[in-house]
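Encoded as structure tokens, the structure appears first; notes follow it.
There are 2 protein chains.
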Amino acid sequence: MKTIQIENAWRGAKRCKNCAIRHLVLFADLDQADFDRIHHPIDDIEFEPGSRIYRQGDDMPFVYTVRSGLVKLEQSRPNGDKRIVRLLSQGDLAGLENLSGQVAEHDAITMDHVKVCRIPRSVINSLQRDTPNLHNALMQRWQKALSGADNWITRLSTGNAKERVARLLLLLDENSTDDCFFLPTREDMGAMLGITTESASKATAEFRRQQWLKPLSQNRAWIDTTKLHRQFD
Amino acid sequence: MKTIQIENAWRGAKRCKNCAIRHLVLFADLDQADFDRIHHPIDDIEFEPGSRIYRQGDDMPFVYTVRSGLVKLEQSRPNGDKRIVRLLSQGDLAGLENLSGQVAEHDAITMDHVKVCRIPRSVINSLQRDTPNLHNALMQRWQKALSGADNWITRLSTGNAKERVARLLLLLDENSTDDCFFLPTREDMGAMLGITTESASKATAEFRRQQWLKPLSQNRAWIDTTKLHRQFD
DNA sequence: AACTGGCATTGAAAATTTTCAATCTGAAAA
DNA sequence: TTTTCAGATTGAAAATTTTCAATGCCAGTT
Numbered sequence: 077m078k079t080i081q082i083e084n085a086w087r088g089a090k091r092c093k094n095c096a097i098r099h100l101v102l103f104a105d106l107d108q109a110d111f112d113r114i115h116h117p118i119d120d121i122e123f124e125p126g127s128r129i130y131r132q133g134d135d136m137p138f139v140y141t142v143r144s145g146l147v148k149l150e151q152s153r154p155n156g157d158k159r160i161v162r163l164l165s166q167g168d169l170a171g172l173e174n175l176s177g178q179v180a181e182h183d184a185i186t187m188d189h190v191k192v193c194r195i196p197r198s199v200i201n202s203l204q205r206d207t208p209n210l211h212n213a214l215m216q217r218w219q220k221a222l223s224g225a226d227n228w229i230t231r232l233s234t235g236n237a238k239e240r241v242a243r244l245l246l247l248l249d250e251n252s253t254d255d256c257f258f259l260p261t262r263e264d265m266g267a268m269l270g271i272t273t274e275s276a277s278k279a280t281a282e283f284r285r286q287q288w289l290k291p292l293s294q295n296r297a298w299i300d301t302t303k304l305h306r307q308f309d
Numbered sequence: 077m078k079t080i081q082i083e084n085a086w087r088g089a090k091r092c093k094n095c096a097i098r099h100l101v102l103f104a105d106l107d108q109a110d111f112d113r114i115h116h117p118i119d120d121i122e123f124e125p126g127s128r129i130y131r132q133g134d135d136m137p138f139v140y141t142v143r144s145g146l147v148k149l150e151q152s153r154p155n156g157d158k159r160i161v162r163l164l165s166q167g168d169l170a171g172l173e174n175l176s177g178q179v180a181e182h183d184a185i186t187m188d189h190v191k192v193c194r195i196p197r198s199v200i201n202s203l204q205r206d207t208p209n210l211h212n213a214l215m216q217r218w219q220k221a222l223s224g225a226d227n228w229i230t231r232l233s234t235g236n237a238k239e240r241v242a243r244l245l246l247l248l249d250e251n252s253t254d255d256c257f258f259l260p261t262r263e264d265m266g267a268m269l270g271i272t273t274e275s276a277s278k279a280t281a282e283f284r285r286q287q288w289l290k291p292l293s294q295n296r297a298w299i300d301t302t303k304l305h306r307q308f309d
């Protein structure tokens with residue numbers, strides 16, 4: 077895990093104003109005066125694939141904005157196996173529950189190379205008092221997280237294995253800015269869809285044989301959205 | 077559908093202060109001055125079982141506090157079948173998405189006799205400016221909804237049919253104040269668990285034969301939580 | 001170039017779930 | 001009380017999924 081923290085440069089969040097994805101992040105609507113109120117460091121952190129950003133049960137005084145890459149939120153069942161309940165990508169907020177004082181409800185684990193901004197809870201809380209825009213932004217995030225969760229249930233946990241895999245691929249494709257997208261391991265697919273690794277593999281292999289899915293280099297892939305849609309949605 | 081709206085009596089939300097479940101609802105921490113700021117009617121509405129409170133796609137300027145009864149939130153798939161993504165009970169807020177200006181993402185349908193308070197969005201918005209406590213209350217609701225959704229995925233959409241039914245019964249039991257709880261139709265169980273009506277029925281019948289589940293009068297039932305837990309959790 | 005380790009894929013049998021058609025049951029209506 | 005009917009249950013065959021064991025396939029090292 078690489079941690080890039082140049083505290084002086086960041087003190088007061090001076091560079092948030094120039095953030096390349098500012099329009100996507102929580103602080104999109106803050107003005108100069110708001111930024112001047114930030115007196116705690118906002119760290120820019122990079123993670124390698126498979127790193128854990130935080131752990132279920134942790135009491136973390138931070139939320140994280142995903143700047144790039146894919147993050148999975150997974151919960152462990154008492155019997156030990158894991159279910160992935162959501163994926164976060166650019167602009168999403170991880171650790172929302174920390175804002176209302178709860179401990180983390182998931183393990184947050186990076187799927188590929190990930191950059192995040194780590195924002196202290198105190199920054200949010202103090203800004204909250206004075207900037208109504210932040211409230212709206214936060215509400216949007218909650219709302220987005222919630223509708224993501226509902227979607228997960230209706231689209232990814234419903235129907236037979238092939239349908240689920242197809243909808244997952246379509247979802248990954250939609251959320252990609254690129255024309256290709258990150259293809260998870262079969263194990264992760266299974267954990268997202270509530271099916272076994274092998275079932276995920278069988279469906280994936282079948283799609284590849286049908287030429288509806290073309291794996292490219294390095295965990296990336298392309299799909300024929302029209303054909304997949306026609307078959308499974 | 078019965079609508080009880082005595083607008084004079086309610087104008088200004090005078091009675092919210094004396095609400096029997098005030099400690100559970102959004103307005104728990106408001107003070108006299110806050111209540112005086114409410115200038116739109118908050119209606120008290122009762123629904124019979126199977127009523128639709130609002131419909132997916134509706135643009136509703138309201139949120140609803142559930143005062144009693146059970147409400148299901150369901151989403152339709154393009155192919156027409158429905159998946160229940162969440163249950164709401166006493167103290168929960170329905171239609172949260174309306175607050176951030178989205179149209180309703182679900183059908184909200186009552187499962188038994190339900191009482192709700194219908195709160196205009198404008199009330200929330202205007203209070204929001206002046207009462208930080210409302211913010212916290214709202215954040216708690218978002219958080220609760222979200223963790224409910226995650227739970228739904230890990231507990232109710234994972235494992236085989238019997239496990240899922242068992243966990244649903246345990247969940248219904250936990251959320252009941254009573255020592256018995258509302259037992260949904262097998263069709264609704266199926267829609268919650270992502271299994272067929274018949275599979276839900278087979279599991280339910282099996283549990284009854286094992287004496288782990290005892291249906292009482294009128295859609296209500298009792299379970300042996302210890303035994304169900306031991307078998308399935 | 002050969003080796004290695006981690007995934008992915010495949011196949012076949014076992015287990016589970018769905019499908020579909022028949023009953024069964026209990027509560028409300030006549 | 002009898003009728004009626006929607007929902008619940010059941011059974012058996014078909015379909016799907018899991019399980020488990022065996023290869024296959026790279027990408028990165030020796």
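Protein chains in written order, with our numbering: chain A, 77 to 309; chain B, 77 to 309.
The beta carbon of each residue, even a glycine, is placed where N, CA and C say it ideally should be.
Every value quoted in this text rests on a predicted model; they were computed, and no experiment measured them.
Item                                                                                                                   : Value
Residue closest to Thr230/B, alpha-carbon to alpha-carbon, out of Asn212/A, Met215/A, Ala267/A, Glu239/A               : Ala267/A
Residues in the stretch 212–227 of chain A having any Cβ partner in chain B nearer than 7 Å                            : Met215, Gln216, Trp218, Gln219, Ala221, Leu222, Ser223, Ala225, Asp226
Cβ-based contacts, 8 Å cut-off: residues of the stretch 158–177 of chain B near chain A                                : Arg159, Val161, Arg162, Leu172, Glu173, Leu175, Ser176
Reduced DSSP secondary structure (H/G/I, E/B, other) of Gln219/A                                                       : helix
CA-to-CA distance, Asp105/B to Asn209/B, given in whole angstroms                                                      : 6 Å
Entirely enclosed beta strand (DSSP E) segments - the stretch 172–231 of chain B, minimum 3 residues                   : 183–186, 190–196
Nearest to Ser252/A (by Cα), restricted to the options Asp120/A, Arg98/A, Phe123/A, Leu146/A                           : Leu146/A
Whole-angstrom distance between Asp110/A and Thr207/A, CA atom to CA atom                                              : 7 Å
Residue nearest to Arg98/B in terms of C-alpha spacing, selected from Phe257/B, Thr261/B, Asp168/B                     : Asp168/B
Leu222/A and Ala276/B closer than 8 Å at C-beta                                                                        : no
Identity of the residue in Ser233/A, Asn295/A, Glu173/A nearest Asn212/B by Cα                                         : Glu173/A
Beta-carbon neighbours of Asp309/B, restricted to chain A and to distances below 9 Å                                   : Arg153, Pro154, Asn155
Extent of the continuous alpha helix (DSSP H) to which Asp105/A belongs                                                : Where Asp105/A is concerned, there is no enclosing alpha helix (DSSP H), given that its DSSP letter is neither H nor E.
Start-end ranges of the beta strand (DSSP E) lying completely within the stretch 92–159 of chain B, minimum 3 residues : 119–123, 128–130, 138–144, 147–152
Within-8 Å CB hit, Glu263/A to chain B                                                                                 : no
Nearest-angstrom Cα separation, counted from Asp309/A out to Pro154/B                                                  : 7 Å
Limits of the alpha helix (DSSP H) - the one that Leu246/A falls within                                                : 237–250
Under 7 Å (Cβ pairs) to chain B, residues found in the stretch 225–254 of chain A                                      : Ala225, Asp226, Trp228, Ile229, Thr230, Ser233, Thr234
Gly126/B versus Met187/B: straight-line alpha-carbon distance, rounded                                                 : 6 Å
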